[in-house]
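Engineer:
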Amino acid sequence: MLTREDNELLTRVGPETPMGTLLRRFWFPACLAEEVAEPDGPPIRLRLLGEDLIAFRDTNGSVGIVGAHCPHRRAGLFFGRNEEGGIRCVYHGWKFATDGQCLERPCEPNDSEATRANVRLKSYPTMEAGAAVWVYMGPPDLRPPFPAFEWARLAPGQRTLIKRLQHCNWAQAVEGGVDSSHISFLHSKTEAQLARDPSVNNPLHAADRHPTFEVEQTEYGLMIAARREASAEDYYWRVTQFLAPFWTMIPPVGTFKDSSEAAYDGHAWVPIDDETTWTWSFAANPHRDFTEQERLRRGGHDGMWGPVDEQFHPLLNKDNDYRIDREAQRQNSFTGISGIPNQDAAVQESMGAISDRSSELLGGSDRGVVMFRRLMLRLAKDLAEGREPDCARNAAAYAVRSASVILPKSTPLRKGAAPLMRSS
Amino acid sequence: MLTREDNELLTRVGPETPMGTLLRRFWFPACLAEEVAEPDGPPIRLRLLGEDLIAFRDTNGSVGIVGAHCPHRRAGLFFGRNEEGGIRCVYHGWKFATDGQCLERPCEPNDSEATRANVRLKSYPTMEAGAAVWVYMGPPDLRPPFPAFEWARLAPGQRTLIKRLQHCNWAQAVEGGVDSSHISFLHSKTEAQLARDPSVNNPLHAADRHPTFEVEQTEYGLMIAARREASAEDYYWRVTQFLAPFWTMIPPVGTFKDSSEAAYDGHAWVPIDDETTWTWSFAANPHRDFTEQERLRRGGHDGMWGPVDEQFHPLLNKDNDYRIDREAQRQNSFTGISGIPNQDAAVQESMGAISDRSSELLGGSDRGVVMFRRLMLRLAKDLAEGREPDCARNAAAYAVRSASVILPKSTPLRKGAAPLMRSS
Amino acid sequence: MLTREDNELLTRVGPETPMGTLLRRFWFPACLAEEVAEPDGPPIRLRLLGEDLIAFRDTNGSVGIVGAHCPHRRAGLFFGRNEEGGIRCVYHGWKFATDGQCLERPCEPNDSEATRANVRLKSYPTMEAGAAVWVYMGPPDLRPPFPAFEWARLAPGQRTLIKRLQHCNWAQAVEGGVDSSHISFLHSKTEAQLARDPSVNNPLHAADRHPTFEVEQTEYGLMIAARREASAEDYYWRVTQFLAPFWTMIPPVGTFKDSSEAAYDGHAWVPIDDETTWTWSFAANPHRDFTEQERLRRGGHDGMWGPVDEQFHPLLNKDNDYRIDREAQRQNSFTGISGIPNQDAAVQESMGAISDRSSELLGGSDRGVVMFRRLMLRLAKDLAEGREPDCARNAAAYAVRSASVILPKSTPLRKGAAPLMRSS
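Protein chains in written order, with our numbering: chain A, -8 to 415; chain B, -8 to 415; chain C, -8 to 415.
Rendered as structure tokens:
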């Protein structure tokens, strides 16, 4: 439960808001590189943190992420000509480089490098990594090093990346990611279904639906560990990291002894604005290439994070009640909704665009959620008082893997799981 | 004409508003019983008085009307599992009885009856009567007795019930119901049509289009009588009761001497929120069962209150200009719009979602409308000052019938019509 | 660039706003005469300067433009009966003449000419000219003479008129009309296309894309002249008048010596409300009848100002990105968008419904735009202080023609072009 004031603080991300200012201290994915694949190809529209932008790849292959409106008379640059090293407004021909510098004002009789020296289009620095174009929307002099996400550094064959549109605030999406407790319900099968086919669920989830949570603050954010009884002697541990400002890691699901040979997944929940979010899903296999089947499953439009259409809009969505099948809900799955991301979207979007956290009743199983809010509110308030967030500049801290492991009850998690959680 | 302040007071029905507080002192229909026919069937969404709710029928057949959001983390209970005596949220499995009591929190390690004693979902008492589920949304200690509406107590064969969505504030819909004057115009035939087929209209309406109104305050609300010249010796009386807070009665239409053997109809205009209304239409035949044809006409989706689709949305609506036929308007009917409820919806919705009553020009024929507003404003203001509305607790007062009767001019209406207007 | 306050002042046109008050001092087109062709035909909905209205042609052929709501109980008069000299509300039968006078209140027992003397429906004076119905929405005692637009006085064969809906504020549409600079870009062909087919563009535009602007205040508004190099000895002049409050003239395009035998075109940008505009396009040929082909091109739904549907909504619009063809944008035309009005709409609508003029960077080529704003802001501020706009009453001042002409550099424009710019 939050006060109304803290709920506003947590959720509002526009320019000048405290949380928006904090998020602008980090690099994050803006679009898929394939969306602006072609040099001199058509620009695309972007909206990020409540700002209307466009992205385009110039003649030399650099990607520009710039304001959506020409600074001359505010015409939309989406309709612009992307040609010969810049984007040209079709209204009067003003042209801009990816860094926002005005290159030409052909309608002006006295146009020259000198007269246009201070003519600039809003522009943000970009990077390409892991099949995404990344952006940094903060103050130029505070641009941080690029975070050491393993998936973004792996060879193309060892990673996947896909996104989908979500109709709610970023924070309630993140809260789904840091909440290990819900997987035993939202994503579970009915007992009838398990009786028919015991292979469909993780017996370790089904056996103990009351995990104990350990949440620990780290240099990157939070290490959230859910502990379940595996046997009389062992615990089953599932580690779901939260990496500031909006990343969550998904531990491998399985019944193996540990996840040291496993691929892992994760999300970024990038705010489009206060009420809409891009849900990014990545996968990383540090040990080998994904098979084609694995690639389609993890990274395809019709894979485990879909189905989504050409614009990455989910086909199961709030307008069609996520195609809930009430008979399936009786017989097979807890929700009657097909697909984990659609189950997540159903509960998260049904809270309303911005959930009213002032009327919640939290329990012991919400510890990850509570710690996430506390951390982000503190970072935002600190920054508002002039204290920069350390994690934004600590690139190496982001080299972590999620993990799952069965350990003797006597072994502390930190000791038993540490090697699993660090990437090269 | 009202001041802007009184117009706000009359029309706003959300929680904490004076009129909303008044309406919450009464039982009223929430949905058709058939919408939640099946025990353990899918919940349905409701919106009433600006509050988002769901309704579900539990294993024992009790109907719960409860808040739309789980009190734990605000997930939508529409997606919930209705099973074994309660509705279970699919996010973390919290389960609630129809009275709102939390029955289980399976995600909590220390869940017990004691720890969840104070965990409640918003819930309102319900009743079933007359094929509807009724709800009381006021303070528990002020729950009134169930009003003695005759139609809701008749055998199923002697009553019908249907609803339709209306896109305007409840009060301007009620005003159509208390306004006997408009039927000589809005619902009338053209003179050309009457010349072709005199049977299509009530000659008593056509003969005297300037009725005189007598409006009298009663224990249930208002008795509104329209008096027309029937002959040199007789008056034709038409009594349209208004029963607080939003019921109107429709007198039998015909040329019989009196309505003592007639069926009658009526409406409830239940606010969904300030700008949308459920228009309920009931019929009662105290004397015999309706024939199948009469049932379809009064209670069917394609009957006299339709046509409406599966969700009770009218097929003739503002988006298609109620399929007005300008040629029919010239030749046949005053409006060119087919069907009485569609004619009413056209004029009421065309005033805007909330009519600007500060710029009206009322006349003598608007007496029913004026008295309705005066009564409701007084009841709301009284309640705001702590005086409870007597009518809400006077169940017996609601045992009234509408009436139409031809009486000698020398006979006072009260004397001549009293027996017609009281139900058993 | 404007302050936020001046941007508000320039763009807001509702009742009581300073600019809305100024615009209400002028006659302007309300609808096409063909939209209310038939006496006693169906009324149509109009929205002008933020006011909801209807138009209807009465039995005698007079067109009434009146408030959309009956003053009795606010029912929509769009559903009214247009019959025997007036529009009759279908709710209770009140009837009104085109001048707003109430003619009948049949529901009232004591209706008489005396009792309804002060019962009036809002009504504005109308005129018919040039295939349009014109309206004057200002104070009755300040009704100005009808402006001497040549096109509205020509024989039907010598003029055309068409309109289209535009989704932005009227002022940014006008700014496109007074901005001669953009035609060398927005409406131009690519060099590749010009190389393939030199006939597709005006070589005088292509040869000198940096015109020099002369803007001069006149009794009707502004004379905006764009001067380009035609040869070593000559200038090519293009005169785009702005006539207060929202008219712009389009000079003939061609390579002829002068436009004395040419037809010309023009626009009115009539505010529907702050965020929507009717873009009217007229053509005038003072010298001869248009051919059928010319008529279809200038005045047809599929002509040069279209394509538009039956309701005059453009088929190429913001919902389909004006059907931009990126390959055509590379190869053929500067925008890849087909049709001059669609190119204009793309840039104007892409600025947002109301462009944020406080964050522009204007240059020397924006002189027409700057002068337009300055003039209109001054007229609005003057009127707010009680000084009436002279131009509104100067009907003769509107008898102007646009012009294009090649003149020796030594000849002043005023001297060389004056005869071309005055209509009879």
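Positions of the beta carbon are idealized from the N, C-alpha and C atoms, including for glycine.
Predicted, not measured: the structure shown is a model, and the values here were computed from it.
1) Does the region 130 to 141 of chain C come into contact with the region 65 to 85 of chain C, if we say contact requires no fewer than three beta-carbon pairs (one atom in each stretch) closer than 8 Å?
2) Considering only C-alpha positions, which residue in the set Gly91(C), Val299(C), Ala235(C) and Gly294(C) is nearest to alanine 46(C)?
3) CB-CB under 8 Å to arginine 64(C), same chain, minus the five flanking residues each way: which ones, in chain order?
4) Out of Leu39(C), Asn51(C), Pro9(C) and Met10(C), which one is the CA nearest neighbour of glutamate 29(C)?
5) Threonine 326(B) and glutamine 339(B) - do their beta-carbons sit closer together than 7 Å?
6) What does glutamate 26(A) reach in chain C if we use C-beta pairs closer than 7 Å?
7) Chain A beta carbons: is any one of them nearer than 7 Å to that of phenylalanine 281(C)?
8) Leaving out the 5 sequence neighbours to the left and right, which residues in its chain are closer than 8 Å to methionine 10(A) when beta-carbon positions are compared?
9) Quick one: what's got a C-beta closer than 6 Å to tryptophan 419(B)'s C-beta in the same chain, skipping five residues either side?
10) Just verifying my parser: in three-state terms, what is the DSSP assignment at arginine 155(A)?
11) Considering only their Cβ atoms, is the gap separating alanine 409(B) from valine 396(B) smaller than 7 Å?
12) Does DSSP put glycine 148(B) in a helix, in a strand, or in coil?
13) Which residue marks the beginning of the beta strand (DSSP E) containing glycine 168(A), and which one marks its end?
14) Can you give me the C-alpha to C-alpha distance between arginine 48(A) and glycine 32(A), rounded to a whole angstrom?
15) Would you kindly report the start and end of the unbroken beta strand (DSSP E) that includes alanine 123(B)?
16) Please identify the residue among Phe140(C), Ala108(C), Lys113(C) and Arg107(C) whose C-alpha is closest to the C-alpha of alanine 120(C).
17) Give the single residue among Asn160(C), Arg15(C), Val169(C) and Gly290(C) whose Cα lies nearest to the Cα of glycine 148(C).
18) For leucine 411(C), which residues in the same chain have their Cβ closer than 7 Å to its Cβ, ignoring the five residues on either side in sequence?
19) So, using beta-carbon positions, are serine 350(A) and glycine 67(B) closer together than 7 Å?
20) Taking 7 Å as the threshold (beta carbon to beta carbon), is alanine 108(B) in contact with chain D?
21) Quick check on DSSP: helix, strand or coil for arginine 36(A)?
22) Output the distance between the C-alpha atoms of glutamate 75(A) and cysteine 93(A), rounded to the nearest integer angstrom.
23) Relative to the C-alpha of glutamate 99(C), which residue among Arg279(B), Arg317(B) and Phe176(B) is closest?
24) So, for arginine 218(A): in the same chain, excluding its five sequence neighbours on each side, which residues have a beta-carbon less than 7 Å away from its beta-carbon?
25) Could you confirm whether any beta carbon from chain C is found closer than 7 Å to the beta carbon of valine 81(A)?
26) Could you give the distance in angstroms between the alpha-carbon of isoleucine 15(C) and the alpha-carbon of proline 380(C)?
27) Whole angstroms is fine: what's the gap from arginine 155(B)'s alpha carbon to glutamate 42(B)'s?
28) Proline 410(B) by DSSP, collapsed to three states: which one?
29) Use the C-beta contact count for glycine 330(C): other C-beta atoms within 10 angstroms, 16 or more gives buried, fewer gives exposed.
30) Label glycine 245(B) either buried or exposed according to how many other C-beta atoms from any shown protein chain fall within 10 Å of its C-beta, with 16 as the threshold for buried.
31) Take the Cβ of lysine 400(C) as the centre, count every other Cβ of all protein chains shown within 10 Å, and call the residue buried at 16 or more, exposed below.
32) Using CA coordinates, which residue listed in Pro262(B), Thr270(B) and Trp271(B) is at the minimum distance from proline 6(B)?
33) If you compare alpha carbons, which of Ser272(A), Gln184(A) and Leu145(A) is closest to arginine 321(A)?
34) How far does the alpha helix (DSSP H) with isoleucine 45(B) in it reach, from first residue to last?
35) Bridge partners of aspartate 256(A), per DSSP?
36) Taking just the CA atoms, how far does leucine 13(B) sit from methionine 128(B)?
Structural biologist: Looking at the coordinates:
1) The region 130 to 141 of chain C makes no contact with the region 65 to 85 of chain C, as fewer than three CB pairs between them are under 8 Å.
2) Translated into positions along the third sequence, residue 46(C) becomes position 55. Selected option, being the one with the closest Cα: Gly91(C).
3) Counting from one through the third sequence, the residue named residue 64(C) turns up at place 73. These residues qualify, in order along the chain: Tyr82 and His83.
4) Counted from its first residue, the third sequence places residue 29(C) at position 38. Closest in C-alpha terms to glutamate 29(C), from the list Leu39(C), Asn51(C), Pro9(C) and Met10(C), comes Asn51(C).
5) If you number the second sequence from 1, residue 339(B) lands on position 348. If you number the second sequence from 1, residue 326(B) lands on position 335. By the CB criterion at 7 Å, glutamine 339(B) and threonine 326(B) fall outside the cutoff.
6) For the purposes of this step, residue 26(A) is identified with residue 35 of the first sequence, where counting begins at 1. Here the premise fails: no neighbours, minimum Cβ distance about 14 Å.
7) Residue 281(C) sits at position 290 when you count from the first residue of the third sequence. Closer than 7 Å: no.
8) Translated into the one-based positions of the first sequence, residue 10(A) becomes position 19. For methionine 10(A), same chain residues with a beta-carbon under 8 Å away, outside a window of 5 residues either side, are Leu0, Leu1, Thr2, Arg3, Val4, Met367 and Ala371 in chain order.
9) Absent from the structure is residue 419(B), since the part of chain B shown begins at -8 and ends at 415.
10) Here residue 155(A) refers to the residue found at position 164 when the first sequence is read from its first residue. Strand at arginine 155(A).
11) By 1-based counting over the second sequence, the position of residue 396(B) is 405. By 1-based counting over the second sequence, the position of residue 409(B) is 418. Cβ atoms of valine 396(B) and alanine 409(B): not closer than 7 Å.
12) Taking the first residue of the second sequence as position 1, residue 148(B) is located at position 157. Under the three-state reduction of DSSP output, glycine 148(B) falls in the helix class.
13) As a first step, residue 168(A) is located in the first sequence; it is residue number 177 there, counting from the start. Per DSSP, glycine 168(A) is not a residue of any beta strand (DSSP E); the alpha helix (DSSP H) it occupies stretches across 161 to 168.
14) Here residue 48(A) refers to the residue found at position 57 of the first sequence. Here residue 32(A) refers to the residue found at position 41 of the first sequence. Answer to the nearest angstrom: the Cα atoms are 7 Å apart.
15) Against the second sequence, residue 123(B) aligns to sequence position 132. Looking at the DSSP string, the run of the beta strand (DSSP E) that includes alanine 123(B) is 123 to 127.
16) The count along the third sequence starts at 1 and reaches residue 120(C) at position 129. For the set Phe140(C), Ala108(C), Lys113(C) and Arg107(C), the Cα lying nearest the Cα of alanine 120(C) is the one of Phe140(C).
17) Here residue 148(C) corresponds to residue number 157 of the third sequence, with the count starting at 1. Nearest in C-alpha terms to glycine 148(C), of all of Asn160(C), Arg15(C), Val169(C) and Gly290(C), is Gly290(C).
18) Start at 1 with the first residue of the third sequence, and residue 411(C) comes out as number 420. Around leucine 411(C): Asp249, Ser250, Ser251, Arg392, Ala394 and Val396.
19) In the first sequence, residue 350(A) corresponds to position 359, counting from 1. In the second sequence, residue 67(B) corresponds to position 76, counting from 1. Their beta carbons are not under 7 Å apart, which means serine 350(A) does not touch glycine 67(B) by this criterion.
20) Of the chains in the structure shown, none is chain D; the protein chains are A, B and C.
21) In the first sequence, the residue the question calls residue 36(A) occupies position 45. Here arginine 36(A) sits in strand by DSSP.
22) By 1-based counting over the first sequence, the position of residue 75(A) is 84. By 1-based counting over the first sequence, the position of residue 93(A) is 102. Each residue's Cα considered, the two are about 13 Å apart.
23) As a working note, residue 99(C) is residue 108 in the third sequence. Taking only the C-alpha atoms, the option nearest glutamate 99(C) is Phe176(B).
24) In the first sequence, residue 218(A) corresponds to position 227, counting from 1. Residues Pro202, Thr203, Glu205, Tyr226 and Trp228 of the same chain have their beta carbon placed closer than 7 Å to that of arginine 218(A), with the five preceding and five following residues left out of the count.
25) The sequence position of residue 81(A) within the first sequence is 90, counting from 1. Yes - at least one Cβ of chain C is within 7 Å of the one on valine 81(A).
26) Residue 15(C) sits at position 24 when you count from the first residue of the third sequence. Residue 380(C) sits at position 389 when you count from the first residue of the third sequence. A quick correction: the sequence has arginine, not isoleucine, at residue 15(C). A direct Cα-Cα distance of roughly 11 Å separates arginine 15(C) from proline 380(C).
27) Taking the first residue of the second sequence as position 1, residue 155(B) is located at position 164. Taking the first residue of the second sequence as position 1, residue 42(B) is located at position 51. Rounded to the nearest angstrom, the two C-alpha atoms are 19 Å apart.
28) Locating residue 410(B) in the second sequence gives position 419, counting from the first residue. In the structure shown, proline 410(B) sits in a helix (DSSP, three-state: H, G or I).
29) Taking the third sequence and counting its residues from 1, the one referred to as residue 330(C) is at position 339. Flag for glycine 330(C) reads buried.
30) Reading the second sequence from its first residue, position 254 is the one you call residue 245(B). Glycine 245(B) comes out exposed.
31) Locating residue 400(C) in the third sequence gives position 409, where the first residue counts as 1. Label assigned to lysine 400(C): exposed.
32) Translated into the one-based positions of the second sequence, residue 6(B) becomes position 15. Nearest option by C-alpha distance: Pro262(B).
33) As a first step, residue 321(A) must be located in the first sequence, where it is residue number 330. It is Gln184(A) whose Cα lies nearest to the Cα of arginine 321(A).
34) Mapped onto the second sequence, residue 45(B) falls at position 54. Element bounds for isoleucine 45(B): not the alpha helix (DSSP H) but the beta strand (DSSP E), 42 to 48.
35) Your numbering for residue 256(A) matches position 265 in the first sequence. The bridge partners DSSP lists for aspartate 256(A) are Ile241(A) and Ala274(A).
36) Taking the first residue of the second sequence as position 1, residue 128(B) is located at position 137. Taking the first residue of the second sequence as position 1, residue 13(B) is located at position 22. Near 10 Å, if we compare the C-alpha coordinates of leucine 13(B) and methionine 128(B).
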